[in-house]
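Chains as they are written, first to last, in this note's numbering: chain A, 1 to 368; chain B, 369 to 736.
Inspection log for the structure reproduced underneath, given as structure tokens.
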């Protein structure tokens, strides 16, 4: 039978795609100063919106190479006295996930305020079947200087992006991060932000806001498998402050995981003997009670506990484990859209649980 | 430039649309006993998946009439000893919202377990651009009897649905609700469930699970404006146990609200002098700090407090107000996808805040 487009939701004027007036807006290139693009490990050298080098010197799987174009975890930061802030975006394709809205897949969102006090203001509204859009985030009738953070899309490449401000307004460098150390997190689709409703709700972005640290998101949906090549690439990133490994859900067979995790850690340690490493185990799937995923998870949990204890015993004082078994709470089954991928509810709980553990680790960095 | 379909997310095998084996499944009509379809006020008479009568005896706006076809808040309930439960669905159209995934717009989700202990098991996976799908919710290798709840889509009409179980398995009536009283909630897009990731996370469905009561969701996206015709239609629903009015966000001008709310309540009271009425004020928008929505909200809040106090004073002991100002918490700005419509995070917090208030009200019903 013919597929009919449902217009039911269009009956709500609050849900309509608004044609915003962008008259008097000047468009600026966020790749240039005073804008700062953060969250891409190789951006300073290559000026490309990409999470790995354009040509990695260590061969990576084709899927990882493609997923590196997803802009998850990256941010455009600046200050401005403009009354309006807008964005113009050209995506690498159109959103088409069944369990994640276009706002999370291909949208930007906007936060305003000084570090530690950032408040969410809005998300780009665009037709889900289009690959380009313009959007006015806000109009504020005050000429004072505002600190702005725009979070990049989680599951899409961004070919081009321009930031719009009022003609005649000033743009200044953003308020700085706590320091120049980066939190580098390697993991899965959950790490990448699947399935947050909008970019700012990926747990790495929530934590970046809370700590005022630059986070480098190297979550590769379905493909963060602990390949040694990725560990070697991570070593190329400047100023690491902490490494987080969160790839258990994609680890492959237990035998592969047993092999890859010690090797991954060992490669990181070959260059950085003392930079903190935090291993986070897998959060619970909703279907643990009816599948064999529980026993598999517990086997891997035991292995990880033993491995980290063993490494500590051998003298590594800067490695630790976060057992994620209870991170999603007693009603963990409510926290995902599909049994596995957290919603904003799941991501908020993950951030809340990871925060105190990471606070201890990053606290040491602040003292230095 | 040409729009290219992005395949980046297809690189994750966990996110692929799986072709489930449905061999040996028999398809049953949930409109017939022992299945119970709940959440539709006129279903027993009309056997139609619709939230208002097919031909309302009071004239309603065209938009409301269309939105009544969205199946928000409805459930298919049954018990079975089948090892597998599947579903076959024909929607009224295809999902196309920019800020809500297809799983919430047009998907079903599945809970298993006795009332008070229901656990989420899975959501229908289907191509976002299709209007029909089949999906196997689970395979459990036990022949014991399971209590199943399937939540209907939030922003779509359902033309047809069949439930699939193993050939040779038994289907029994569901475990019953606490009693036959219905919680009838009239409101906005937020009431309707915009923008939950999946049906079970609309706050009315969360509360229905927690209380084991039938909830009738009369949230009309953008169109719950307190029209007297809707109050008159609500009077037609059998066995009301509690009325909740939650339409402030769509109320129109303050003058309209000032007129409509007392009238709406008065119509309900014309038939039901003692059935509890709970008025819930609007949750906070993210942009309150930069727009005039805060002062407008506070004006309406003051009016509602005064109105309810006045009605109480006049002798109505069964009316109450829930001030929703703090329902979303201190970081209320994080709880929506677009500044207004809650995500699962926002809905969970709404349910948590409404629960104790409603528990007092429904507690009285249990005693009777």
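Where a beta carbon is used, it is the ideal one built from N, C-alpha and C, also for glycine.
Collapsed DSSP secondary structure at residue i in the structure displayed
i, result
"residue 624 (chain B)", "helix"
"residue 2 (chain A)", "In this prediction, residue 2 (chain A) scores a pLDDT of 45, lower than 50, which makes its location untrustworthy; no coordinate-derived value is stated."
"residue 64 (chain A)", "helix"
"residue 203 (chain A)", "helix"
"residue 357 (chain A)", "helix"
"residue 33 (chain A)", "coil"
"residue 75 (chain A)", "strand"
"residue 56 (chain A)", "coil"
"residue 160 (chain A)", "strand"
"residue 217 (chain A)", "strand"
"residue 671 (chain B)", "helix"
"residue 343 (chain A)", "coil"
"residue 226 (chain A)", "coil"
"residue 85 (chain A)", "strand"
"residue 618 (chain B)", "helix"
"residue 141 (chain A)", "coil"
"residue 352 (chain A)", "helix"
"residue 49 (chain A)", "coil"
Contacting residues, own chain, Cβ-Cβ under 6 Å from residue i (five flanking each side not counted)
i, result
"residue 432 (chain B)", "588, 591"
"residue 193 (chain A)", "72, 154, 202"
"residue 260 (chain A)", "226"
"residue 28 (chain A)", "163"
"residue 525 (chain B)", "437, 460"
"residue 709 (chain B)", "562, 563"
"residue 167 (chain A)", "24, 26"
For residue i, the nearest candidate out of the options (CA to CA)
i, options, result
"residue 546 (chain B)", "B:504, B:492, B:483", "B:483"
"residue 173 (chain A)", "A:362, A:316, A:38, A:359", "A:38"
"residue 446 (chain B)", "B:435, B:682, B:544", "B:544"
"residue 237 (chain A)", "A:246, A:268, A:263", "A:268"
"residue 132 (chain A)", "A:168, A:94, A:139", "A:94"
"residue 559 (chain B)", "B:731, B:565, B:586", "B:586"
"residue 330 (chain A)", "B:681, B:413, B:485", "B:485"
Closer than 7 Å to chain A by CB, residue i
i, result
"residue 769 (chain B)", "As displayed, chain B neither begins before 369 nor continues past 736, which places residue 769 (chain B) out of reach and without an answer."
"residue 718 (chain B)", "no"
"residue 616 (chain B)", "no"
"residue 710 (chain B)", "no"
"residue 470 (chain B)", "yes"
"residue 517 (chain B)", "no"
"residue 482 (chain B)", "no"
"residue 502 (chain B)", "no"
"residue 429 (chain B)", "no"
"residue 601 (chain B)", "no"
Residues of its chain near residue i, where Cβ-Cβ distance is below 8 Å and the 5 sequence neighbours each way are ignored
i, result
"residue 719 (chain B)", "571, 574, 575, 578"
"residue 300 (chain A)", "248, 251, 254, 257, 281, 282"
"residue 141 (chain A)", "83"
"residue 337 (chain A)", "99, 100, 195, 343"
"residue 507 (chain B)", "451, 452"
Close Cβ partners of residue i (< 7 Å) along its chain, the five nearest in sequence each way excluded
i, result
"residue 151 (chain A)", "75, 108, 109, 199, 200, 205"
"residue 662 (chain B)", "656"
"residue 113 (chain A)", "119, 147"
"residue 512 (chain B)", "449"
"residue 59 (chain A)", "229"
"residue 398 (chain B)", "405, 444, 529, 531"
"residue 48 (chain A)", "54"
"residue 45 (chain A)", "none"
Cβ-Cβ separation, residue j to residue i (assumed contact under 8 Å), whole Å
i, j, result
"residue 122 (chain A)", "residue 655 (chain B)", "7 Å"
"residue 437 (chain B)", "residue 418 (chain B)", "6 Å"
"residue 23 (chain A)", "residue 90 (chain A)", "That pair is no contact at about 21 Å."
"residue 82 (chain A)", "residue 165 (chain A)", "4 Å"
"residue 693 (chain B)", "residue 652 (chain B)", "6 Å"
"residue 551 (chain B)", "residue 503 (chain B)", "Contact flag wrong, Cβ pair sits at about 29 Å."
"residue 189 (chain A)", "residue 104 (chain A)", "Between residue 104 (chain A) and residue 189 (chain A) the Cβ distance is about 12 Å, and since that is not below 8 Å, they are no contact."
Residue-chain proximity (residue i, chain B), Cβ-Cβ < 7 Å
i, result
"residue 21 (chain A)", "no"
"residue 80 (chain A)", "no"
"residue 186 (chain A)", "no"
"residue 309 (chain A)", "no"
"residue 120 (chain A)", "yes"
"residue 286 (chain A)", "yes"
"residue 318 (chain A)", "no"
"residue 12 (chain A)", "yes"
"residue 353 (chain A)", "no"
"residue 345 (chain A)", "yes"
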